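S.K.:
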Amino acid sequence: MASQGTEKALALLRRLPRVSLGNLKPNPGAVKSARRGRGIYGGKTHGAGSKGSGQRQNFMRLGFETGNTPFYLRFPYQNYYKGHHMRLSYAPLCMGKLQRMIDTSRLRTDVPVDITQLSATQLFSINPMEKMGGIMLKDEGIDHFQATLNLEVQWATEAVITSVERNGGTITVAYYDPISLQAALNPMAFFKRGVAIPRRMLPPQNLIDYYSDPKNRGYLADPTEVARERFVLAQKYGYELPDIRSSPNQEMLLERKDPRQIFYGLQPGWVVNLEDKVILKPTDPELLEHYAS
Amino acid sequence: MSAGVCSLVTLRCVSGLRCLKAAVSQRAVHTCPAALGITNLPAGRHTIPDSRAQVETSTAEWHYVERLFPLKSIPKPTVAPGEVTPSGWVAPSAKPGDHPYFVRRSPSHMIPVYLHHIPHISKYRTFVSHVEGDVFALLEELREYLQDRKHTRILNMRAHEPHQKIEIKGQYVAEVREFLLERGF
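First to last, the sequence lines map onto chains X and R. Taking this note's numbering, the leading residue of the first sequence gets 1, the next gets one more, and so forth. Taking this note's numbering, the leading residue of the second sequence gets 294, the next gets one more, and so forth.
1) Out of R/PRO400, R/PRO374 and R/GLU437, which has the shortest C-alpha to C-alpha gap to R/HIS423?
2) Helix, strand or coil for X/ASN273? Go by DSSP, reduced to three states.
3) Which residues, in chain order, does the stretch 390-402 of chain R contribute to contact with chain X at a C-beta distance below 9 Å?
4) Determine the extent of the alpha helix (DSSP H) in which X/SER119 is found, giving its start and end residues.
5) Excluding the 5 residues flanking R/HIS410 on each side, which residues of the same chain have their C-beta closer than 6 Å to its C-beta?
6) Output needed in chain order: residues of the stretch 217-231 of chain X with a Cβ under 9 Å from some Cβ in chain R.
7) For R/LEU408, which residues in the same chain have their Cβ closer than 7 Å to its Cβ, ignoring the five residues on either side in sequence?
8) Quick one: does R/HIS413 have its CB under 8 Å from some CB of chain X?
9) What number of angstroms, rounded off, separates the C-alpha of X/TYR77 from the C-alpha of X/THR69?
10) Taking the straight line between their C-alpha atoms, what separation do you get for X/ASN206 and X/ALA184?
11) For R/SER422, would you say it is in contact with chain X, using Cβ-to-Cβ distances shorter than 8 Å as the test?
12) Would you kindly work out how many angstroms separate the C-alpha atoms of X/TYR264 and X/TRP270, rounded to a whole number?
13) Take the Cβ of X/ASP103 as the centre, count every other Cβ of all protein chains shown within 10 Å, and call the residue buried at 16 or more, exposed below.
14) Between the alpha carbons of X/PHE59 and X/SER53, how many angstroms are there, rounded?
15) Less than 8 Å between the beta carbons of X/VAL173 and X/LEU149, yes or no?
16) Compare the C-beta of X/LYS281 against all C-beta atoms of chain R and say whether one is closer than 8 Å.
17) Run through the DSSP bridge pairs and tell me what R/TRP355 is partnered with.
18) Would you verify that the beta carbon of R/PRO370 is, or is not, closer than 8 Å to some beta carbon of chain X?
19) At least one CB of chain X closer than 8 Å to the CB of R/SER386: is that the case?
20) For X/VAL232 and X/ASP143, what's the separation of their Cα atoms in angstroms?
21) Quick one, which of X/GLY133, X/ALA292, X/PRO17 and X/LEU287 has its alpha-carbon nearest R/GLN347's?
22) Using DSSP with H/G/I as helix, E/B as strand and the rest coil, what is R/ILE461?
23) State yes or no: is the beta carbon of X/SER163 nearer than 8 Å to at least one beta carbon in chain R?
24) Since X/ARG14 and R/TRP382 should fall inside the 8 Å C-beta cutoff, what is the C-beta to C-beta distance between them, to a whole number of angstroms?
25) What is the DSSP secondary structure of X/ASN150, reduced to helix, strand or coil?
26) Could you check whether the stretch 267-282 of chain X touches the stretch 355-364 of chain R, counting it as contact only if at least three pairs of C-beta atoms, one from each stretch, sit closer than 8 Å?
27) R/ARG345 versus chain X: which residues are under 9 Å apart at the beta carbon?
28) Which term fits R/LEU364, buried or exposed, when burial requires 16 or more other beta carbons within 10 angstroms of its beta carbon?
29) Figure out for me which residue from R/PHE429, R/PHE472 and R/VAL372 has the closest Cα to the Cα of R/ARG559.
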């Protein structure tokens, strides 16, 4: 009987969970709340000293130099702040990380990759209210970038453009105004609001040159000039430009948005009803004219 | 005393009268509207015409909407175990039981080796998470491996068994990742 009891106890022990975070807790009385020490363990001021910032925690303002003219006021102007109120910041994305997202199936490659597809991975935090303009591609890892993509980002350098086009892909840089960007970042939340898809605004004055330049693959540039610049870049870096027309996923690679469009295939002015799974299109000529490109 | 009070009262009366006088005084008041010609303008149409509400429904473009649906969970990679992808990411090939310990991947399929940095005291610690099985066996193997690779005399490392973690003082992320990759985790 005793041996049976022992076996039962051992069997029970085996079935019991291991010591883990879930079942650990300190011994009764082991945790003591912090107490304000007296005498040599703190004294009357507890290290805060007497008078001044230490005692009152009214520390000097940031940049204050106790009587000197502060550094931030010493020079009349700092050139790198020029136009700071117009500038946008972009979430960086390295080409190596883009390749890793594709390798680990985080990103679909059978559809064009735009800001919506990238933000759906939930690997970026982009806030248009904090003057963020979208995603910029960084050239780290361009040597092992091998994917063939139809990319649309908000900022790209020449090295990045080279690495994408060398693999037979296409890249476009496109501007999204804050309202359009918010819609593009989270389309489901936007559709649930039940409002019409807005018309994408054109870039501001300081960015219009960048987005009209075929060298940057700007979305406002002439497509024939972009094609010529693709060839010029291939000559410059000495690689053979793969022919997109003979590629099996030619349709995907050549899919482009209208400059006024936010989502592929969905026109501004349309309302997407997620509940009934239908798209509502306005028929009023005034509205059509308003939303026309 | 009473005379003083009286004089105060009279003064108050006088000031009150003055106020009254000012209120009733006949002053020129502007009675003409702010914009003279506003009545000549056509009345503003504040109603939205009915034609705006007329829509046609379509489901032909619904596949473009489906494309925008985000994934509900992190997808499982389709790469064969042990295969090295262009980005350098390797799918885990080790199975529980191959070693006395098992290090599972993080939910995003990455090797769970992390660097903790406290900048203002310049303190670096390397953590290996999700160590299942014999944590101390992994600790000893890792100690040997790091001593061979880094030739350090002192390796300050310890195992947190209930947390399923190993902590190493210093920056050893690359070496520990390499070690785990060699063993197929």
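Even for Gly, the Cβ is constructed at its ideal location relative to N, Cα and C. Only a predicted model underlies this, so the values are computations on that prediction, with no experimental measurement involved.
M.R.: So, to answer that:
1) Your numbering for residue 423 of chain R matches position 130 in the second sequence. Per the Cα distances, R/PRO400.
2) If you number the first sequence from 1, residue 273 of chain X lands on position 273. The answer is strand: DSSP assigns X/ASN273 an E or B state.
3) Per Cβ criterion, the list reads SER401 and HIS402.
4) Numbered from 1 along the first sequence, position 119 holds the residue referred to as residue 119 of chain X. 115-119 is the span of the alpha helix (DSSP H), which, as asked, contains X/SER119.
5) To locate residue 410 of chain R, count along the second sequence from 1; it is residue 117. Result list for R/HIS410: TYR417, in chain order.
6) Interface annotation for the stretch 217-231 of chain X against chain R: empty, criterion Cβ-Cβ distance under 9 Å.
7) On the second sequence, residue 408 of chain R is found 115 positions in, with the first residue counted as 1. Contacts found: TYR417, THR419, GLN464 and VAL466.
8) Locating residue 413 of chain R in the second sequence gives position 120, where the first residue counts as 1. Cβ-Cβ to chain X under 8 Å: no for R/HIS413.
9) If you number the first sequence from 1, residue 77 of chain X lands on position 77. If you number the first sequence from 1, residue 69 of chain X lands on position 69. Approximately 14 Å between the Cα atoms of the pair.
10) Indexing the first sequence from 1 puts residue 206 of chain X at position 206. Indexing the first sequence from 1 puts residue 184 of chain X at position 184. Whole-angstrom Cα-Cα distance: 22 Å.
11) By one-based count along the second sequence, residue 422 of chain R stands at place 129. Not an interface residue.
12) Numbered from its first residue, the first sequence carries residue 264 of chain X at position 264. Numbered from its first residue, the first sequence carries residue 270 of chain X at position 270. Approximately 13 Å, taken between the alpha carbons.
13) As a first step, residue 103 of chain X is located in the first sequence; it is residue number 103 there, counting from the start. Counting Cβ neighbours within 10 Å, X/ASP103 comes out buried, since at least 16 surround it.
14) Here the question's residue 59 of chain X lines up with position 59 in the first sequence. Here the question's residue 53 of chain X lines up with position 53 in the first sequence. Looking at the two C-alpha atoms, the distance is approximately 5 Å.
15) One-based indexing of the first sequence puts residue 173 of chain X at position 173. One-based indexing of the first sequence puts residue 149 of chain X at position 149. The answer is no: Cβ separation not under 8 Å.
16) Here residue 281 of chain X is taken as the residue at index 281 of the first sequence, counted from 1. Taking Cβ atoms only, chain R reaches closer than 8 Å to X/LYS281, which makes this a yes.
17) On the second sequence, position 62 is the one that residue 355 of chain R refers to. Bridge partners of R/TRP355: none, in fact.
18) In the second sequence, residue 370 of chain R corresponds to position 77, counting from 1. So yes, R/PRO370 belongs to the interface.
19) On the second sequence, position 93 is the one that residue 386 of chain R refers to. Judged by the 8 Å Cβ criterion, R/SER386 is not in contact with chain X.
20) Position 232 of the first sequence holds residue 232 of chain X. Position 143 of the first sequence holds residue 143 of chain X. Using only the alpha carbons, I get a separation of about 20 Å.
21) Here residue 347 of chain R refers to the residue found at position 54 when the second sequence is read from its first residue. When each option's Cα is compared against that of R/GLN347, the closest is X/LEU287.
22) As a position in the second sequence, residue 461 of chain R is number 168, starting the count at 1. Residue state, collapsed to three classes: strand.
23) Position 163 of the first sequence, counting from 1, holds the residue named residue 163 of chain X. Not closer than 8 Å to any Cβ of chain R, the Cβ of X/SER163 fails to qualify, so no.
24) Stepping through the first sequence from its first residue, residue 14 of chain X is reached at position 14. Stepping through the second sequence from its first residue, residue 382 of chain R is reached at position 89. Not really, about 38 Å apart at Cβ, beyond 8 Å.
25) Locating residue 150 of chain X in the first sequence gives position 150, counting from the first residue. In the displayed model, X/ASN150 falls within a strand according to three-state DSSP.
26) A contact exists between the stretch 267-282 of chain X and the stretch 355-364 of chain R.
27) If you number the second sequence from 1, residue 345 of chain R lands on position 52. Those are PRO282, ASP284, GLU286 and LEU287, listed as they occur along chain X.
28) Looking up residue 364 of chain R in the second sequence gives position 71. Exposed.
29) Since the first residue of chain R shown is 294 and the last is 478, residue 559 of chain R is not available in this structure.
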